[in-house]
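>
Residue numbers (our numbering): 210 to 597.
1. Run through the DSSP bridge pairs and tell me what residue 383 is partnered with.
2. Under 8 Å by Cβ, that's how I've got residue 279 and residue 325 pegged, so tell me the actual separation to the nearest angstrom.
3. What did DSSP end up calling residue 451 once you bin it into helix, strand or coil?
4. Count the other CB atoms within 10 Å of the CB of residue 319; is the residue buried (16 or more) or exposed (fewer)?
5. Alpha carbons only, please: which of 536, 377 and 568 is nearest the one belonging to residue 284?
6. Using 8 Å as the Cβ pair cut-off and three pairs as the minimum, do the region 351 to 365 and the region 520 to 532 touch?
7. Please report the residue range of the alpha helix (DSSP H) in which residue 540 lies.
8. How long is the line joining the alpha carbons of residue 465 and residue 546, rounded to whole angstroms?
9. Helix, strand or coil for residue 506? Go by DSSP, reduced to three states.
10. Anyone know if the C-beta pair for residue 271 and residue 299 falls short of 8 Å?
11. Near residue 245, which residues of its chain fall below 8 Å by C-beta distance, leaving aside the five closest residues on each side in sequence?
12. Within 10 angstroms of its Cβ, does residue 422 collect 16 or more other Cβ (buried), or is it exposed?
13. Tell me, to the nearest whole angstrom, how far the beta carbon of residue 348 is from that of residue 334; I am working on the premise that it is less than 8 Å.
14. Below 8 Å on the Cβ atoms is my guess for residue 416 versus residue 594; work out the distance and round it to an integer in Å.
15. Return helix, strand or coil for residue 473, following the three-state DSSP convention.
16. Quick check: the Cα distance between residue 592 and residue 401, rounded to an integer number of angstroms?
17. When burial is assigned at 16 or more other CB atoms within 10 Å of the CB, is residue 264 buried or exposed?
18. With distances taken from CA atoms, which of 521, 305, 582 and 596 is nearest residue 425?
19. How is residue 551 classed by DSSP in three states: helix, strand or coil?
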């Protein structure tokens, strides 16, 4: 009797287990384990739309426009490489023209709200500030890639331009020519006033070159307004040539036509590394110097707005700025996701070596006025200032 009861009890328990395992599955198969729930999962009948990709939308809009015109004030090899690569990456027909930073605002201003170009690329920031003050630049777009800029000074506080590189202002000298003349290389700004350097110094033109405008601001800030203008008047007595472009002096130091050139030292690296002029010496002035910021900006009234905005994103990316060192431009880069040119590092051109008292705001507000005052003190300048 006990054995019969135990057998019945066992059968009931087994039957119960089978019923429990098969519950909820009308087909008789075992049920799949449901996926774990998440807080972000939406019900199937109310799924949220995917977030729009702003870069994808910008690229599509730029490609729909299909064209872009760039004025570049960096060296032409870099300008050409940057624009060619942009066209290759995005399939947007890209035209470009190389103009000095002093020429661009004049040209755009003459076009009176109907600019012939969409974007301004490279050069020095002082003429960009002048252009912004005249309403020639557009600040309606904030680039996503501006988040990679390493310092606040590398962008205009009102969003009119964003920096892509920086370069140190200094001296380049032909060592062989100085030795032949029995002269020591200048080590300070004051050294440049020595009478033995008369007719040996080249500088770019205050009217056309952003480099020369930076010289004006640097000297007036370091020495004070009146003393600074007097210094530039005295320096003029030793200047042999005023070149149209800021890189002009550097291009003639290696040949010896220019014995002492004032300009950006990365241009001197180009002459040493790319052109083989190992007779060129680079000098950071011991009494202090400043740096340029090479920007990118959109012209007010640009015809290809989307393409211009996409180019600004591109200009603030490694795809663009890392082309510089492959095309003879060795400035330090100012975004945190790009590789610095090894040549600039090897020559010790660290932008942290520059004078930290330089007032970018004063330069932005007063560059045009300071240049006018310097030219007035020079009685308008002589034939050395003619650019035609």
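Even glycine gets a Cβ: it sits at the ideal position worked out from N, Cα and C.
A quick look at the data gives this:
1. Partner(s): 489.
2. Contact between residue 279 and residue 325 is ruled out by a C-beta separation of about 11 Å, above the 8 Å threshold.
3. DSSP places residue 451 within a strand segment (E or B) once states are collapsed to three.
4. Counting Cβ neighbours within 10 Å, residue 319 comes out exposed, since fewer than 16 surround it.
5. It is 536 whose Cα lies nearest to the Cα of residue 284.
6. With the rule of 3 Cβ pairs closer than 8 Å, the region 351 to 365 counts as touching the region 520 to 532.
7. Premise fails: residue 540 is in no alpha helix (DSSP H) and is neither H nor E.
8. Rounded to whole angstroms, residue 465 to residue 546 spans 39 Å at the Cα level.
9. Collapsing the DSSP output to three states places residue 506 in a strand.
10. Yes, Cβ-Cβ distance for residue 271 and residue 299 is below 8 Å.
11. Because residue 245 sits at a pLDDT of 30, beneath the cut-off of 50, its placement in the model cannot be relied upon, and the point is left open.
12. So residue 422 counts as buried.
13. About 14 Å; that fails the 8 Å criterion.
14. Their Cβ separation, rounded to whole angstroms, is 6 Å, which keeps residue 416 and residue 594 in contact under 8 Å.
15. Here residue 473 sits in strand by DSSP.
16. C-alpha separation (whole angstroms): 22 Å.
17. Counting every other CB atom within 10 Å of its CB across the protein chains shown gives residue 264 a total below 16, marking it as exposed.
18. The shortest C-alpha separation from residue 425 is found at 582.
19. The three-state secondary structure of residue 551, taken from DSSP, is helix.
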